[in-house]
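Residue numbers (this note's numbering): -4 to 821.
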């Protein structure tokens, strides 16, 4: 196999282009940092490529290697090295969750990952070198036969599983050439790279032009709009490949810097609103050129003139690309794209009617507009959230794992005009009375990527069907796009909670909705007919949300970074007094006050009211919220920075400040505080010997009267445990140990809202099966088994016995553990 592939790929077009680039550029700057410093010359890229070649020397031709390194300077070196070794590269975004990444790598049959290990989700400095991590898999190499790929691009499939698109080197180079020739980009330009290279848009506009055309590149990791503008001015970048949300944010800023060298602005990922284009042109005296493309075929259309004032206009076909309407007589139609950049097909299951032989048929509906085209809708179920593709089937599968959910249908709804997300994810579910929207949203945040989480979940008695008894996502999108519709307006969540007529009934007459769906040829409703994001209001709004509290000074929220024992209701190290017992004490005794904790990071405070969890906060806004939420992208960064600085001074979450200033809605603030609070608290589960103190003090919560509490503390704790990506059990992880229920463990587990994976794992605890046996029975890898076991251990539902123990070991009392700890300290 290896010999035949070597013969077939002896002349790699992209490598040949790189050799020419290297010969012409050599010691010239290739990659700059956002400060304007030279991060790599072209020669240094080549030197790094040779180093990576040595690391992958043992790999067989045709093996697949995933690359998850963000916008790191080693991207071109890794790609060149893999092309030389005839390995297949799979770009993976940093922000995807481990479970989703692992599923994608299994689909692609990856045998290794280039990443930073534990730092894979963090921004890593240029001085850090990616590691090649071998995956423990069996028989992973695919039989590529003829036309072996150089690259696999991940995309959504028609089922919940992802799929990949096969590309050869000549197709990647063709896309690069078509983009550069159509847009007029050359090696005298300087690209500014803030969009992810792992995204098809970034790969084709940033990475391949550097390799194939010698176009230098600025790599930025700070996506804050004001920082991006400052970096433009500092580096002298001439070309910016961005998205509509960036251009809107730029247009709304004050004191914008002069950008004399910026000459070309490109927008893709979502339709560019005419209003945004006009305002940007007025402020910056620059036009924005709309760019339309697809992962399957690269660039399709480009608006060269940028003078059209029709919404959805995407310009003319790119050079070397032929576009024709599938149904020329219709007012709108799918298109057929012929391009040398089109991929060879999908993997592992091909779909030749959609992609193959240099032709791709997108799901978008287009109409002729002068000499170009405009997008009017799409026939596909795949949801476009600001350029990120969401497969509704994947979200449905996740929702159906939630205990009490009987049916789930997920669909895309047009976002509000100006929201720049294009579409947003919405779900309808049939569930038992105790299931709440807030529970489902938290569950989704814990197991899905941020862009996959539904904006809104409607809990219903039954999913609406059409006259043929079928469920149509398109019909649901229309039905729930407007407020106060005559039919089908969902009941408020509280109505479901209070309804005495709904019992725990069997719902065999309403089986889960099939993943198959009907598609109509008509386009979605015009954006102008849709209501704003705020149309749904909670049934019990807080009356004082918009006014800062006056009863207690805000600076008392988190008084100090350290925690002591003065005025403490209880305190101790988590090695002696578990975090779970502290939470159970709060719930059982209906405590009101603050649970303070500290270890090697800054202090964290959990606020409780009458035994309910209100919020978790810290004075460090960077620790509190590591990434900028999409809800803040349209807000003036100065306003956000001011709120973050207030958090540093008072400890009050900056989302709370933004909501009271009416910069975001109450619902957005509550959701963000819940999510960030749980992310923050999850760090405590693996913290070594954290010190915790509970202070009973109702005055500390007087300023939080408008923030709702979470009554089910155990489920809240389980949600935080699901966010722990790398659990560390005490000592070594012994796969031969035997999990068994604690005294109250079986009763506890019956009350928890478990996922299907957790429920199956818990059903295996019989006091005889080892962790290894349980993993084998459930066909789990040990990494997944370790995560699941960690949750049950942390909640003290189970304890692990050594395999050699015939009977359950005697559990030590608190004082025995204390004496043991003192002896160890001595």
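Ideal Cβ placement from N, Cα and C applies to all residues, glycine included.
Checklist entry - Given 8 angstroms as the limit, is there contact between the stretch 741 to 756 and the stretch 600 to 610, that is, 3 or more CB pairs closer than that? => result No, they do not touch.
Checklist entry - Can you tell me whether residue 32 is buried or exposed, with buried defined as 16 or more other CB within 10 angstroms of its CB? => result As a working note, residue 32 is residue 37 in the chain shown. Its Cβ having fewer than 16 others within 10 Å, residue 32 is exposed.
Checklist entry - Start and end of the beta strand (DSSP E) containing residue 23? => result Residue numbering aside, residue 23 sits at position 28 when the chain shown is read from its first letter. Taken as a continuous stretch (DSSP letters only), residue 23 belongs to no beta strand (DSSP E), as it is neither H nor E.
Item to check | Span of the alpha helix (DSSP H) around residue 164 | outcome: Start at 1 with the first residue of the chain shown, and residue 164 comes out as number 169. Residues 164 to 178.
Checklist entry - Which same chain residues, not among the five before or five after residue 506, have their C-beta less than 8 angstroms away from its C-beta? => result Reading the chain shown from its first residue, position 511 is the one you call residue 506. Caution applies to residue 506, whose pLDDT of 29 falls short of 50 and renders its modelled position unreliable; the value that the coordinates give is listed next. Take residue 506, set aside five residues on each side of it, and the residues of its chain with a beta-carbon closer than 8 angstroms to its own are 402, in chain order.
Next on the checklist: Does the stretch 699 to 708 come into contact with the stretch 574 to 584, if we say contact requires no fewer than three beta-carbon pairs (one atom in each stretch) closer than 8 angstroms?
Outcome noted: With the cut-off at 8 angstroms, the stretch 699 to 708 and the stretch 574 to 584 touch.
Next on the checklist: Please classify residue 762 as buried or exposed, where buried requires at least 16 neighbouring CB atoms within 10 angstroms.
Outcome noted: Your numbering for residue 762 matches position 767 in the chain shown. It is exposed - the Cβ of residue 762 has fewer than 16 other Cβ atoms within 10 Å.
Item to check | According to DSSP, residues forming a beta bridge with residue 422 | outcome: Taking the chain shown and counting its residues from 1, one reaches residue 422 at position 427. BP columns for residue 422 point to 405, 452.
Checklist entry - Is the number of C-beta pairs between the stretch 247 to 256 and the stretch 282 to 289 that are closer than 8 angstroms three or more? => result With contact defined as three or more Cβ pairs closer than 8 angstroms, the stretch 247 to 256 and the stretch 282 to 289 are not in contact.
Next on the checklist: Quick check on residue 725: does DSSP put it in helix, strand or coil?
Outcome noted: Against the chain shown, residue 725 aligns to sequence position 730. Low local confidence applies: a pLDDT of 44 at residue 725 is under 50, so the model's placement there is unreliable, with the coordinate-based value given in what follows. Looking at residue 725 - three-state DSSP - the assignment turns out to be coil, as it is neither helix nor strand.
Item to check | Whole runs of the alpha helix (DSSP H) within the stretch 759 to 808, excluding any shorter than 4 residues | outcome: Segments of the alpha helix (DSSP H) lying fully in the stretch 759 to 808: 766 to 773, 777 to 789.
Checklist entry - Within 10 angstroms of its Cβ, does residue 386 collect 16 or more other Cβ (buried), or is it exposed? => result Here residue 386 refers to the residue found at position 391 of the chain shown. Looking at its Cβ environment, which holds 16 or more other Cβ atoms inside 10 Å, residue 386 is buried.
Next on the checklist: Any heavy atom of the ligand ADP inside 6 angstroms of the beta-carbon of residue 40?
Outcome noted: Among the ligands in the structure shown, none appear at all, so the ligand ADP cannot be discussed.
Checklist entry - Beta-carbon separation of residue 332 and residue 374 under 7 angstroms? => result On the chain shown, position 337 is the one that residue 332 refers to. On the chain shown, position 379 is the one that residue 374 refers to. Against a cut-off of 7 angstroms, the Cβ pair of residue 374 and residue 332 comes out as no contact.
Next on the checklist: When you compare the CB positions of residue 734 and residue 760, do they come within less than 7 angstroms of one another, or not?
Outcome noted: Position 739 of the chain shown, counted from the first residue, corresponds to residue 734. Position 765 of the chain shown, counted from the first residue, corresponds to residue 760. Contact check for residue 734 against residue 760 passes: the beta carbons are separated by less than 7 angstroms.
Item to check | As assigned by DSSP and simplified to three states, the class of residue 747 | outcome: As a working note, residue 747 is residue 752 in the chain shown. In the structure shown, residue 747 sits in coil (DSSP, three-state: anything other than H, G, I, E or B).
Next on the checklist: Distance check for residue 459 and residue 548, CA to CA, integer angstroms please.
Outcome noted: One-based indexing of the chain shown puts residue 548 at position 553. One-based indexing of the chain shown puts residue 459 at position 464. Caution is warranted here: a pLDDT of 32 is assigned to residue 548, below 50, making its placement in the model unreliable, and the coordinate value is therefore given only provisionally. Going by C-alpha positions, residue 548 is about 50 angstroms away from residue 459.
Checklist entry - How many angstroms separate the CA atom of residue 242 from the CA atom of residue 687? => result Start at 1 with the first residue of the chain shown, and residue 242 comes out as number 247. Start at 1 with the first residue of the chain shown, and residue 687 comes out as number 692. In a straight line, the C-alpha of residue 242 is about 46 angstroms away from that of residue 687.
Item to check | Limits of the unbroken beta strand (DSSP E) element including residue 822 | outcome: As displayed, the chain neither begins before -4 nor continues past 821, which places residue 822 out of reach and without an answer.
Checklist entry - Are the stretch 181 to 196 and the stretch 304 to 323 touching, with three or more C-beta to C-beta distances below 8 angstroms? => result The stretch 181 to 196 vs the stretch 304 to 323: no contact.
Checklist entry - Under 7 angstroms between the Cβ atoms of residue 397 and residue 468? => result Translated into positions along the chain shown, residue 397 becomes position 402. Translated into positions along the chain shown, residue 468 becomes position 473. For residue 397 and residue 468, no; Cβs fall outside 7 angstroms.
Checklist entry - To the nearest whole angstrom, what separates the beta carbons of residue 239 and residue 262, a pair I think is in contact under 8 angstroms? => result Mapped onto the chain shown, residue 239 falls at position 244. Mapped onto the chain shown, residue 262 falls at position 267. Rounded, the Cβ-Cβ distance is 6 angstroms, consistent with contact.
Item to check | From 172, 274, 288, residue whose alpha carbon lies closest to that of residue 368 | outcome: Along the chain shown, read from residue 1 onward, the residue named residue 368 stands at position 373. From the listed residues 172, 274, 288, the smallest Cα separation to residue 368 is found for 288.
Checklist entry - Would residue 670 be called buried (16 or more neighbouring beta carbons within 10 Å of its own) or exposed? => result Position 675 of the chain shown, counted from the first residue, corresponds to residue 670. That one is buried.
Next on the checklist: For residue 633, count the other beta carbons within 10 Å of its own beta carbon; 16 or more makes it buried, fewer makes it exposed. Which is it?
Outcome noted: The sequence position of residue 633 within the chain shown is 638, counting from 1. Classification of residue 633: exposed, given that the 10 Å Cβ count is below 16.
Next on the checklist: For residue 50, report the span of its alpha helix (DSSP H) as first-last.
Outcome noted: As a first step, residue 50 must be located in the chain shown, where it is residue number 55. Where residue 50 is concerned, the enclosing alpha helix (DSSP H) stretches over 37 to 50.
Item to check | Reduced DSSP category for residue 275 - H, G, I as helix; E, B as strand; rest coil | outcome: As a position in the chain shown, residue 275 is number 280, starting the count at 1. Residue 275: helix per DSSP, three-state reduction.
Next on the checklist: If I measure Cβ to Cβ from residue 188 and keep anything under 8 angstroms in the same chain, skipping five residues before and after, which residues do I get?
Outcome noted: In the chain shown, counting from the first residue as 1, residue 188 sits at position 193. Counting only residues of its own chain and dropping the five nearest sequence neighbours on each side, residue 188 has a CB closer than 8 angstroms to the CB of 66, 197, 201, 212, 213, 214, 215, 236.
Next on the checklist: I'd like the list of long-range same chain contacts for residue 123, defined as Cβ closer than 7 angstroms, with 5 residues on each side in sequence excluded.
Outcome noted: Within the chain shown, residue 123 is the residue found at index 128, counting from 1. Taken in chain order, the residues that qualify are 111.
Next on the checklist: Within 10 Å of its beta-carbon, does residue 393 have 16 or more other beta-carbons around it, so buried, or fewer, so exposed?
Outcome noted: Indexing the chain shown from 1 puts residue 393 at position 398. Counting Cβ neighbours within 10 Å, residue 393 comes out buried, since at least 16 surround it.
Item to check | Buried or exposed (CB count within 10 angstroms, at least 16 for buried), residue 748 | outcome: Against the chain shown, residue 748 aligns to sequence position 753. Counting of Cβ neighbours within 10 angstroms places residue 748 among the buried residues, the total reaching 16 or more.
Checklist entry - Does the pairing of the stretch 179 to 188 with the stretch 266 to 280 give three or more beta-carbon distances under 8 angstroms? => result No, the stretch 179 to 188 does not touch the stretch 266 to 280.
Checklist entry - From 97, 639, 103, 751, pick the residue whose C-alpha is nearest to that of residue 621; which is it? => result Taking the chain shown and counting its residues from 1, one reaches residue 621 at position 626. The shortest C-alpha separation from residue 621 is found at 639.
Next on the checklist: Would residue 47 and residue 76 be called neighbours here (beta carbons separated by less than 7 angstroms)?
Outcome noted: Reading the chain shown from its first residue, position 52 is the one you call residue 47. Reading the chain shown from its first residue, position 81 is the one you call residue 76. Taking 7 angstroms as the Cβ cut-off, residue 47 and residue 76 qualify as a contacting pair.
Checklist entry - Cα-Cα, which of 60, 99, 357 is closest to residue 108? => result Within the chain shown, numbered from 1, the residue matching residue 108 stands at position 113. Of 60, 99, 357, the residue nearest in Cα terms is 60.
Checklist entry - Just reading off the beta strand (DSSP E) that residue 859 is part of, what are its end residues? => result Nothing about residue 859 can be read from this structure; the chain reaches only from -4 to 821.
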